[in-house]
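Q: Residue numbers (our numbering): 299 to 759. Each residue gets a CB set at the ideal place from its N, CA and C atoms; glycine is no exception. As the structure is a computational prediction, the values presented were derived from the model and not from experiment. The following block contains the structure, expressed as structure tokens.
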């Protein structure tokens, strides 16, 4: 047990953040050494006359900052060596766990059969260029022409020479960020955003500034102020339901974001991986600022996960930068997968699978509405998940751990936190990652935990 203790006289509101700040200063000053064991949640709460929930939230904040690690059954320990962030989902599905942590589309045996049929077709129709060429320009002209037609279905008009095929949205995001955000520059984004942005910023050497959001997404005035006060080079947005809070930004807000970006001459990176899946959505932000928006979409979450291919549409000013950075980081997208995507777009299979997915997700959203009746959560009928805010006195880490102990995996909201602003605990729950029966059972466990009395997990000492 450590000798240093926080000073209760220095705790200010919000208490959890003030307490976390005291621990952070003690760690940075060397008063708490690497590996030091922290007091249990209960003991520290008793010593400081705070609630267990407040202490738990403070420890969660320290975990998010990478200053401590928490292990169920062992306790919490100072961890000054930087560690890699953990993904919000289970790396692998274990035993009888109902996995609602990973965001994926609904899949049935039909999807596997469609992919098998496509591979059989490919075996008979594989072009020599896709099998034998090292030159992207020898492989992809035909695929880019088809991509133009698919992007029209996403609400974007562009030309073939502005499109790069990528191995999914993550590759597209990475190339786009490399193209507009040199090392030491700053990229603005939503305060609750894409979980890979924080480690990606570290790997690529740019700074990340999380900006306030509301029920309509990123607040334009916050972006304008950030651009005035900081050297913002780009803004990364997810306006169409795929964001953690399941927000669908309206057309007026998209136009405002485009206007702020134009005013300050910054780039926009738009992640729109759901594309045409979201019915009756506004045009993409790229439609309001085509001269500065790098638009990313893919097929993975709307057709079948194995179709790991996507499109990155860039304006003329960034085409060369995108081509060069894609070449050095990926060389080119996998031609065999591109062949299947092009066939499916051309023969209508891709859109057929989108329509199927939309219907399947709406059924699951109906299940969520039934099971979560009386619970405050955010969702859109064509979305892959729900965002569930916990009561302010519920510790997020403990809630996720309790669900896990009852056989249900959910994603902690802090995995998507990008701003240092005060945090309201929440969880993300995927609807497409398992069967409808398991989904109903898993949501039932979450509802019972949420509506029951808070119970702090006891740790063995």
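I need the boundaries of the alpha helix (DSSP H) containing residue 623, first residue and last residue.
A: From DSSP, the alpha helix (DSSP H) with residue 623 extends over 614–627.
Q: Buried or exposed for residue 772, going by 16 or more other Cβ atoms inside 10 Å?
A: Residue 772 lies beyond the residue range present for the chain, which begins at 299 and ends at 759; the question has no answer from this structure.
Q: My output table needs one value for residue 321: the three-state DSSP class, helix, strand or coil.
A: DSSP places residue 321 in helix when its eight states are reduced to three.
Q: Might you give, ordered along the chain, the residues of its own chain that have their beta carbon closer than 8 Å to the beta carbon of residue 458, omitting 5 neighbours on each side?
A: Cβ within range, chain order: 439, 442, 443, 445 and 446.
Q: For residue 494 and residue 583, I'd like the C-alpha separation in whole angstroms.
A: Approximately 21 Å, taken between the alpha carbons.
Q: Apart from the five residues on each side of it in sequence, which residues of its chain come closer than 6 Å, Cβ to Cβ, to residue 353?
A: Closer than 6 Å at the Cβ level, and outside the excluded window around residue 353, lie 339, 342 and 343.
Q: Is it the case that the stretch 501–515 contacts the stretch 638–651, given that we only count it when at least three CB pairs across the two stretches are under 8 Å?
A: Touching, no.
Q: Does the beta-carbon distance from residue 600 to residue 407 come in below 8 Å?
A: Taking 8 Å as the Cβ cut-off, residue 600 and residue 407 do not qualify as a contacting pair.
Q: Go through its chain and collect everything with a Cβ distance to residue 465's Cβ below 8 Å, but skip five positions before and after it.
A: Excluding positions up to five away in sequence, the list reads 606, 607, 608, 628, 631, 632 and 635.
Q: Taking the straight line between their C-alpha atoms, what separation do you get for residue 580 and residue 539?
A: Distance between the alpha carbons of residue 580 and residue 539: 12 Å.
Q: What is the DSSP secondary structure of residue 727, counted as helix, strand or coil?
A: Here residue 727 sits in strand by DSSP.
Q: May I ask which residues mark the beginning and end of the alpha helix (DSSP H) holding residue 449?
A: Note, residue 449: alpha helix (DSSP H), 439–451.
Q: Please state whether DSSP places residue 743 in a helix, a strand or coil.
A: Note: residue 743 maps to helix in three-state DSSP.
Q: Using the Cβ count rule (16 or more neighbours within 10 Å means buried), how would you classify residue 432?
A: By the neighbour-count rule (16 or more Cβ atoms within 10 Å), residue 432 is not buried but exposed.
Q: If you measure between the beta carbons of residue 562 and residue 530, is that distance less than 8 Å?
A: Yes, these two residues count as a Cβ contact at 8 Å.
Q: Whole angstroms is fine: what's the gap from residue 479's alpha carbon to residue 614's?
A: So the two alpha carbons sit approximately 17 Å from each other.
Q: How many Å lie between residue 326 and residue 315 at the Cα?
A: Between residue 326 and residue 315, the C-alpha separation is close to 16 Å.
Q: From which residue to which residue does the beta strand (DSSP E) around residue 611 run?
A: Unbroken beta strand (DSSP E) run through residue 611: 608–611.
Q: For the alpha helix (DSSP H) that residue 733 lies in, which residues bound it at each end?
A: Element bounds for residue 733: n/a, residue is neither H nor E.
Q: Using a Cβ-Cβ cut-off of 6 Å (strictly less than) and excluding sequence neighbours within five positions of residue 730, which residues of its own chain qualify?
A: Same-chain partners within the cutoff: 402, 403, 404 and 682.
Q: With distances taken from CA atoms, which of 706, 514, 518 and 657 is nearest residue 537?
A: When each option's Cα is compared against that of residue 537, the closest is 514.
Q: For residue 368, does the count of other Cβ atoms within 10 angstroms reach 16, so buried, or fall short, so exposed?
A: The residue is buried, with at least 16 neighbouring Cβ atoms inside 10 Å.
Q: Counting C-beta neighbours from all protein chains within 10 Å, is the total for residue 350 16 or more, i.e. buried, or is it exposed?
A: With 16 or more Cβ atoms within 10 Å of its Cβ, residue 350 is classed as buried.
Q: Quick one: what does DSSP say residue 605 is sitting in, helix, strand or coil?
A: In the structure shown, residue 605 sits in coil (DSSP, three-state: anything other than H, G, I, E or B).
Q: For residue 694, report the span of its alpha helix (DSSP H) as first-last.
A: Here the alpha helix (DSSP H) through residue 694 covers 694–703.
Q: Taking the alpha carbon of residue 394 as the reference point, which residue from 746, 737 and 309 has its own alpha carbon closest?
A: Nearest C-alpha to residue 394: 737.
Q: For a test of the three-state rule: what should DSSP assign to residue 594, helix, strand or coil?
A: In this structure, residue 594 counts as strand in the three-state DSSP scheme.
Q: Do residue 490 and residue 714 have their beta-carbon atoms positioned less than 8 Å apart in this structure?
A: Contact: yes.
Q: What separation, rounded to the nearest whole angstrom, lies between the Cα atoms of residue 359 and residue 663?
A: When rounded, the distance between both Cα atoms is 31 Å.
Q: Using 8 Å for Cβ pairs, my map puts residue 598 next to residue 467. What's the rounded Cβ distance?
A: Indeed, because the Cβ distance is near 7 Å, the residues count as touching under 8 Å.
Q: With the cut-off set at 8 Å, would you say residue 318 and residue 356 are in Cβ contact?
A: Cβ distance < 8 Å, so residue 318 and residue 356 count as in contact.
Q: Are residue 543 and residue 685 closer than 8 Å when you measure CB to CB?
A: Contact: yes.
Q: At which residues does the alpha helix (DSSP H) containing residue 496 begin and terminate?
A: Where residue 496 is concerned, the enclosing alpha helix (DSSP H) stretches over 495–502.
Q: Helix, strand or coil for residue 338 per DSSP?
A: It is coil, neither helix nor strand.
Q: In three-state DSSP terms, what is residue 665?
A: In this structure, residue 665 counts as helix in the three-state DSSP scheme.
Q: Going by DSSP, name the residue or residues bridged to residue 640.
A: Answer by DSSP bridge pairing: none, since residue 640 is not bridged.
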